[in-house]
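Asks: Mind looking over this structure? Questions follow.
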Amino acid sequence: AQTVTQSQPEMSVQEAETVTLSCTYDTSESDYYLFWYKQPPSRQMILVIRQEAYKQQNATENRFSVNFQKAAKSFSLKISDSQLGDAAMYFCAYRRGGGADGLTFGKGTHLIIQP
Amino acid sequence: SAVISQKPSRDICQRGTSLTIQCQVDSQVTMMFWYRQQPGQSLTLIATANQGSEATYESGFVIDKFPISRPNLTFSTLTVSNMSPEDSSIYLCSVVKTGGTEAFFGQGTRLTVV
Chain A
1 AQTVTQSQPE
11 MSVQEAETVT
21 LSCTYDTSES
31 DYYLFWYKQP
41 PSRQMILVIR
51 QEAYKQQNAT
61 ENRFSVNFQK
71 AAKSFSLKIS
81 DSQLGDAAMY
91 FCAYRRGGGA
101 DGLTFGKGTH
111 LIIQP
Chain B
116 SAVISQKPSR
126 DICQRGTSLT
136 IQCQVDSQVT
146 MMFWYRQQPG
156 QSLTLIATAN
166 QGSEATYESG
176 FVIDKFPISR
186 PNLTFSTLTV
196 SNMSPEDSSI
206 YLCSVVKTGG
216 TEAFFGQGTR
226 LTVV
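In order, the protein sequences belong to chains A and B. Take the first sequence: its position 75, counting from 1, is numbered 75 in the numbering used here, and each next residue is one higher. If you want the numbering used here, it's the position in the second sequence, counting the first as 1, plus 115.
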């Protein structure tokens, strides 16, 4: 079975600075997807970024980028120019490709933005 | 994207009773899922809601406790049966559009059992 591990329960960063959230995963599959979701206090789950395992190029969405290391099974999220609105819980998630599976989530990292 | 309406948004229920949560999607989707998020915890998949057949439950979740209906491709319900305080959680509906990879989520139902 697949597992997703987020080893940082909480991270704090100064506004406008850069922060990296860590995520590792374990799977025996070769076809899968990885995601970072953001959950603000409103509890709405918002997709931040996704990565297809077959793509070597790291995904980027504006201030958000990932460092995808497939051999190491690592999938970290970098947030540049942190903004107050980035404060939220961040969940790393895995989904097997080609099937009808749901997501497996990590325990989450609470990101605090210091003004 | 997909717009998901989940009702109720919150409820306080007496132990031993049941609550049915509704999930309505603005377009037909193949895959619908139900998750539980216990206080201060991550999301855990309860089951996949299959249209026209019985739901597929994850380990630790059973149909008698969490019966699910999926009468068509845009609607599903999750019932939390014979509730106890341990069932106090946020329950979230999620969908993946046909051919898509991204999961969209409803706003969740915050359930408190007293």
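Note that CB positions come from ideal geometry on N, CA and C, so glycine has one too.
Would B:E217 count as contacting chain A if we go by Cβ distances under 8 Å?
Replies: Position 102 of the second sequence, counted from the first residue, corresponds to residue 217 of chain B. Yes, B:E217 counts as interfacial toward chain A.
Asks: Would you say B:L207 reaches chain A, if we count a Cβ-Cβ gap shorter than 8 Å as a contact?
Replies: Locating residue 207 of chain B in the second sequence gives position 92, where the first residue counts as 1. Yes, B:L207 counts as interfacial toward chain A.
Asks: Below 8 Å, can you find three or more Cβ-Cβ pairs linking the stretch 86 to 101 of chain A to the stretch 65 to 74 of chain A?
Replies: Segments in contact, no.
Asks: What beta strand (DSSP E) runs, 3 residues minimum, are completely inside the stretch 173 to 220 of chain B?
Replies: Entirely contained in the stretch 173 to 220 of chain B, the beta strand (DSSP E) runs reaching 3 residues are, in chain order, 183 to 187, 190 to 195, 204 to 211, 218 to 220.
Asks: So B:E74 and A:R50 are in contact, right, with Cβ under 8 Å, and what is the actual spacing, rounded?
Replies: Because chain B in this structure spans residues 116 to 229, residue 74 of chain B falls outside the shown range and cannot be described.
Asks: Mapping DSSP to helix, strand and coil, what is A:D86?
Replies: Taking the first residue of the first sequence as 1, we reach residue 86 of chain A at position 86. A:D86 falls in the helix class under three-state DSSP.
Asks: Can you find the residues in the same chain that come closer than 8 Å, C-beta to C-beta, to B:L158, ignoring five residues on each side of it along the sequence?
Replies: In the second sequence, counting from the first residue as 1, residue 158 of chain B sits at position 43. Closer than 8 Å at Cβ, skipping near neighbours: Y150, R151, Q152, L207.
Asks: Tell me, which residues are paired with A:K55 by DSSP?
Replies: Residue mapping note: residue 55 of chain A aligns to position 55 of the first sequence, counting from 1. Partner(s): none; A:K55 has no beta bridge.
Asks: Report the residue from A:Y54, A:S82, A:P9, A:Q56 whose alpha carbon sits nearest the alpha carbon of A:F64.
Replies: Mapped onto the first sequence, residue 64 of chain A falls at position 64. Out of A:Y54, A:S82, A:P9, A:Q56, A:S82 has the C-alpha closest to the C-alpha of A:F64.
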